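Per the numbering used here, the sequence shown starts with residue 2, numbered consecutively.
In what follows, a structure is listed as structure tokens, so that the remarks can point back to it.
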Amino acid sequence: MKRTSRISRRIASPLCAAVVLAVPALTSASLANADDGPGPLGVTVAAAATSQSVRVGPLFPADRRSTLIGGHHCTASVVHSPNRNLIVTAAHCLDSDQDFVFVPGYRDGKAPYGVWTVHRKFLPDGWRKEQDEDSDVAFGIIGYQQGKGVEDVVGGNRFATRTATGATAVTVFGYPSSQEVPVSCTNRPTAHSRTQQRIDCPSLSGGTSGSPWVNGDGQVVGVLGGHEEGGDTDDISYSVVLGAEAAELYKDAAADP
């Protein structure tokens with residue numbers, strides 16, 4: 002599972018900043034047309050700093066605030082909310098008594114948009130009571146800085162539930178624990194089960210749990226996690242199908258001041 006991989010990778014190479022990706026050979030089938038996204042499909046690359054990628058950042062234990070390199074363990078992203086202070090990630094990323102900070106747009110030890118404290122966590126009952134893989138999504142309330150919410154600084158994507166799996170291609174943005182820059186991959190999700198969806202993208206290794214799946218309309222339609230806490234290989238990743246439970250959790254978190 003990606004959670005186990007995440008821990009072992011961070012210990013093995015805490016200061017590794019190189020981006021080494023297994024990129025499959027391109028075929029005509031892997032070239033995306035305009036309706037499927039920027040293309041090519043199913044290829045993982047180092048993500049450029051764009052208005053989309055800076056809304057994504059790694060999660061760090063709060064005691065790593067002053068020494069960020071090598072300390073991140075999961076990925077999260079800013080989603081739109083009335084209070085402009087909300088991130089989404091996987092429930093297994095926030096399920097501890099530990100305090101966390103979120104660093105949007107993080108690169109090579111630098112925090113160009115600040116280091117933001119996670120003040121409160123929202124985990125669904127299905128995860129808190131049973132660690133149900135169909136409930137592996139969570140929200141964090143982020144503290145304000147100088148009167149601004151994190152969404153005021155980097156923007157936020159819409160959190161969208163009840164969308165059809167695979168209706169469009171999505172782009173996954175995430176931070177492998179063995180690297181200090183984000184990666185991205187665009188592909189079309191497919192159904193794994195009624196409650197789980199999957200995506201074929203190489204090199205989404207430990208640390209990418211919580212990564213948003215963003216469609217062409219700027220909507221988060223998946224969060225890397227769910228089945229096997231995101232998958233037991235680096236090349237196939239999963240997400241909960243975002244339905245009624247995720248919608249209710251978002252409603253509760255978005256209403257929190």
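The C-beta atom is built at its ideal place from N, Cα and C for all residues, glycine as well.
In this text, all values refer to a predicted model and were calculated from it rather than measured experimentally.
In this structure, residue 138 and residue 247 form a Cβ contact; the two beta carbons are roughly 5 Å apart against a cut-off of 8 Å. Taking all protein chains shown into account, residue 172 has 16 or more neighbouring C-beta atoms within 10 Å of its C-beta and is therefore buried. In this chain, the beta strand (DSSP E) harbouring residue 239 covers 237 to 241. Per DSSP, residue 186 is one residue of the beta strand (DSSP E) stretching across 184 to 188.
Annotation: residue 109 to residue 116 spans about 14 Å, alpha carbon to alpha carbon. Going by beta carbons, residue 230 and residue 206 fall outside the 8 Å limit. No residue range can be given for residue 195, since it is assigned to no beta strand (DSSP E) and is classified by DSSP as neither H nor E.
Here DSSP, grouped into helix, strand and coil, assigns residue 138 to coil.
Judged by DSSP secondary structure, residue 87 falls within the beta strand (DSSP E) whose first and last residues are 87 to 90.
Spatial neighbours of residue 200 in its own chain (CB-CB distance under 6 Å, excluding positions within 5 residues in sequence) are listed in chain order as 188, 190 and 238. When the beta-carbon positions are compared, residue 212 and residue 174 come within less than 8 Å of each other.
Between residue 59 and residue 114, the CB-CB gap reaches or exceeds 8 Å. Going by beta carbons, residue 144 and residue 90 fall outside the 8 Å limit. Per the DSSP secondary-structure output, residue 75 pairs in a beta bridge with 60. Burial check for residue 131: the Cβ neighbour count within 10 Å stays below 16, so the residue is exposed. In the displayed model, residue 255 falls within a helix according to three-state DSSP.
Straight-line measurement puts the Cα of residue 147 at about 43 Å from the Cα of residue 192.
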